[in-house]
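Sequence positions in the sequence shown follow mature numbering (1 follows the signal peptide of the UniProt record, and there is no 0) and run -17 to -1, 1 to 252.
Positions of the beta carbon are idealized from the N, C-alpha and C atoms, including for glycine.
Predicted, not measured: the structure shown is a model, and the values here were computed from it.
Reading through the structure tokens given below for one structure.
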Amino acid sequence: MGLLCLIWTHSSRLSRSLPLSSPLLLVVYHLPIPSSQVAALPAMAAAAQRLLAASTKIVGVGRNYVAHAKELGNPVPKEPVLFLKPTSSFLHAGVATAAVEVPEPLESLHHEVELAVVISRRARDVPEASAMDFVGGYALALDMTARDLQSVAKSAGLPWTLAKAQDTFTPISAVVPKSAVPNPDDLELWLKVDDELRQKGPTSDMIFKVPFLISYISSIMTLMEGDVILTGTPEGVGPVRIGQKIKAGITGLIEAEFDVQRRSRTFSP
């Protein structure tokens, strides 16, 4: 048993030869891998990355940590609070242009660090006992939120689309193969803004656990290969402003960085 360091580059190739200072570096994760499986690991990791390319939707789970629900003055839910985000909101870590964009007239967005579950195959009406069979991997994700817009929507009883679904509002890391995460309920999420620790919390604090979420969501809508479930955020959410840098991670597993900039309205066909 040993630790293998894999480097995923923005050219969509796995490399074990790039130096850690390489400008192509997207993410590094350290996995405890039996020697007998080392040769197969690059193929496993590459297969995990391909899942996101097939994604049809992002399902967000709101208020899934008690402390976070309370910090925003919300009641603790008795069933999952769901919302949808388009895949056009993905912002892939490591790409040269990977920056969270703040649209006019907003001056800031709120950061929410989350464990993302990536579905491996079509899932409909999945029993909770079988739910983990439909997991292809995990990722670090941010659910960037225009809190001012969300507050207006909530007070008017309107959907959160304007606050959650804009381009670059779902920064996401490379996908970690399912085999590297024996227990998604035993991870620690953290997030820093300009090196100031803002969020840190264990996934064990989730109100609704991963198997239940997969079962519950698949009873409402069919989950497809590559679909992503954002499982909620621990307490400590707050504003991040233009010019700041976000660094976030899953302790001992994966991390990613994103700049924050003003959105340009230049037409892009």
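Same chain, Cβ closer than 6 Å to residue i, neighbours up to 5 away in sequence not counted
i    : result
G219 : R181, Q182
G226 : none
T234 : E171
Where residue i sits in the DSSP three-state scheme
i    : result
T234 : coil
L180 : strand
V220 : coil
K175 : strand
P60  : coil
K137 : helix
T151 : coil
P165 : coil
F117 : helix
F191 : coil
CA-to-CA distance, residue j to residue i, given in whole angstroms
i    : j    : result
S162 : I237 : 14 Å
R33  : S72  : 18 Å
S81  : S201 : This sequence places Ala at residue 81; Ser is not what is there. Cα to Cα, the separation comes out at about 31 Å.
T153 : A136 : 19 Å
D150 : P69  : 9 Å
Y199 : S251 : 38 Å
S134 : V83  : 21 Å
L92  : A30  : 33 Å
S38  : L206 : 9 Å
I197 : A122 : 16 Å
G119 : D178 : 32 Å
K147 : V109 : 27 Å
S138 : F241 : 31 Å
P167 : V78  : 27 Å
C-beta neighbour in chain C for residue i, strict 8 Å
i   : result
S71 : No chain C is present in this structure, which holds just one protein chain.
Residue i beta carbon near the ligand FAD (any heavy atom closer than 7 Å)
i    : result
R130 : Of ligands this structure carries none, so the ligand FAD is not represented either.
Supposed close pair residue i, residue j - CB separation, criterion 8 Å
i    : j    : result
G42  : L67  : The sequence shown places Val at residue 42, not Gly. Yes, they are in contact, since the Cβ atoms of V42 and L67 sit about 6 Å apart, within 8 Å.
L145 : L125 : That pair is no contact at about 18 Å.
Same chain only: Cβ atoms within 8 Å of residue i, ignoring 5 sequence neighbours per side
i    : result
I203 : L65
Notebook entry, point to check: Counting pairs of beta carbons, one from the region 208 to 223 and one from the region 92 to 107, are three or more of them closer than 8 Å?
Noted result: yes
Next item on the list: Decide yes or no for the touch test of the region 109 to 118 against the region 147 to 159: beta carbon pairs closer than 8 Å, at least 3 of them.
Entry: no
Note to self: Would the region 46 to 59 count as touching the region 184 to 192 if we require 3 or more Cβ pairs under 8 Å?
What the structure shows: yes
Margin query: Pairs of beta-carbons, one from the region 56 to 70 and one from the region 81 to 94, closer than 8 Å: are there three or more?
Written below: no
Check: Should the region 224 to 238 be called in touch with the region 161 to 178, which here means at least 3 C-beta pairs below 8 Å?
Finding: yes
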